[in-house]
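A.B. asks: Using the numbering used here, the letters of the sequence shown correspond one by one to residues 675 to 993. All C-beta atoms in this analysis are idealised placements derived from N, C-alpha and C, irrespective of residue type, glycine included. Quick one: structure below, then a few questions.
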Amino acid sequence: MNILTGVEPSPSNGPTQNPLRWAKFASDGLARVTSRCIFPSSPKEAITTFRALDTALGRDHGEKVASTEIQGPEVSTKGHGLDKVAGMSALKDLLKREVVTPIREPEPYLRYGLSIPNGILLYGPPGCGKTYIARQLAEELGHHFVEIIPSELASPFIHQSVIRIRELFDDAAEHAPSVVFIDEFEALVPARGGLGGHQQHKAEEVTEFLVHLNSCAQKRIFIIAATNQPEKIDPAVRRTGRLDKLIYVGPPDAAARKEMLSLHLAGRPIAHGFDFDALANELQCYSASDISFLVDEASRVALKEKSEIGMNSFRSAMS
């Protein structure tokens, strides 16, 4: 009888077959383990602990096992987190002051009766880097990161989307501390006052979001939502206590535009003496996506003319 399962093997089955006969990719270690699990020759041979499993696999007991304890958030270093966002110093300082510091060092805030931020809403014109900033903010915090878009929660079945929303927050709580980033937020939580009778299922979804947003901070979940149209979001979602901060993300400033140009032009044939500062000043009000596209267009112009990329290439592309 198997001393682990209490099952009496049928004599007709014969001896245990080596796994290598039926799984050509099985290792000798797997063969030893299965043999000792199914038909141990004695109680001492049975595998009932991780140490016994290590012995069966021939592992060194002196190996250090990786700690499963939750580690503290990483400290921001050069080239990490928000430091990877080009320019935009005022915005980064605001995020570090209002979001990163309270989450990393909550004790002083709690002593003054201040709650930990529940979530923020990033809003502004399209193409200005809201998604990228959200990802870098999550990296800055060092938390588990979940990114969702409306299509991932959509379902042809009534109430199914509500279930998916609940599962999303349950998963984030299980992996807490977590950052949940929701893009195109206005599509998930539209103003309920403007919904028609055939859209009442959307009202249920908005209500489900409201329930979960109320207790995110207690569950160590931080919400980052992004939208191009904040006026279309249900007012109950935008109120303080659910999304504590509404932060405008506008077109990149001059310093950011210069860094973006340097980044996108790296490795390309650039004309000698190319003036990054002058071009960055000319690109006022261009978004991050506009600058990336413009660099490609200027490169096409230079390729067509079989010349290096210079100011004339950019002016031709801008025109």
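1. Exposed or buried, which one is alanine 928 when buried takes at least 16 other CB atoms within 10 Å?
2. Can you tell me whether phenylalanine 819 sits near the ligand MG, meaning its C-beta is under 7 Å from at least one heavy atom of the ligand?
3. Going by the beta-carbon positions, is the gap between leucine 796 and isoleucine 898 smaller than 8 Å?
4. What does a CB cutoff of less than 8 Å around proline 791 pick up in its chain, not counting 5 residues either side in sequence?
5. One question on the structure: do alanine 760 and alanine 930 come within less than 8 Å of each other, judged by their Cβ atoms?
6. Measure the C-alpha to C-alpha separation of glutamate 982 and phenylalanine 948 and round it to an integer number of angstroms.
7. Assign proline 782 to buried or exposed, taking buried as 16 or more other Cβ atoms, counted over all protein chains shown, within 10 Å of its Cβ.
8. Please name the residue in Gly793, Pro851, Ile807, Arg912 whose C-alpha comes closest to that of proline 926.
9. If I measure Cβ to Cβ from histidine 938 and keep anything under 6 Å in the same chain, skipping five residues before and after, which residues do I get?
10. What are the boundary residues of the beta strand (DSSP E) that leucine 795 is part of?
11. Do leucine 765 and glutamate 814 have their C-beta atoms within less than 8 Å of each other?
12. For the stretch 812-892, which segments carrying the beta strand (DSSP E) assignment without a break, of at least 3 residues, lie completely within its bounds, in sequence order?
13. By Cβ distance, which residues of its chain are closer than 6 Å to aspartate 908, with the 5 residues on each side in sequence left out?
C.D. replies: In short, the structure shows the following:
1. So alanine 928 counts as exposed.
2. Among the ligands in the structure shown, none appear at all, so the ligand MG cannot be discussed.
3. Less than 8 Å separates the beta-carbon of leucine 796 from that of isoleucine 898.
4. For proline 791, where only same-chain residues beyond five positions count, the Cβ hits under 8 Å are Glu772, Val773, Pro776, Ile777, Ala891, Phe896, Asp918, Lys919.
5. Their beta carbons are under 8 Å apart, which means alanine 760 touches alanine 930 by this criterion.
6. Take the alpha-carbon of glutamate 982 and the one of phenylalanine 948: they are about 10 Å apart.
7. The residue is exposed, with fewer than 16 neighbouring Cβ atoms inside 10 Å.
8. For the set Gly793, Pro851, Ile807, Arg912, the Cα lying nearest the Cα of proline 926 is the one of Ile807.
9. Excluding positions up to five away in sequence, the list reads Ser966, Val969.
10. Element bounds for leucine 795: 793-797.
11. No.
12. Secondary structure remark: continuous beta strand (DSSP E) runs of at least 3 residues inside the stretch 812-892, in chain order: 818-822, 852-856.
13. Answer for aspartate 908: Val863, Ala865, Arg866, Val880, listed in chain order.
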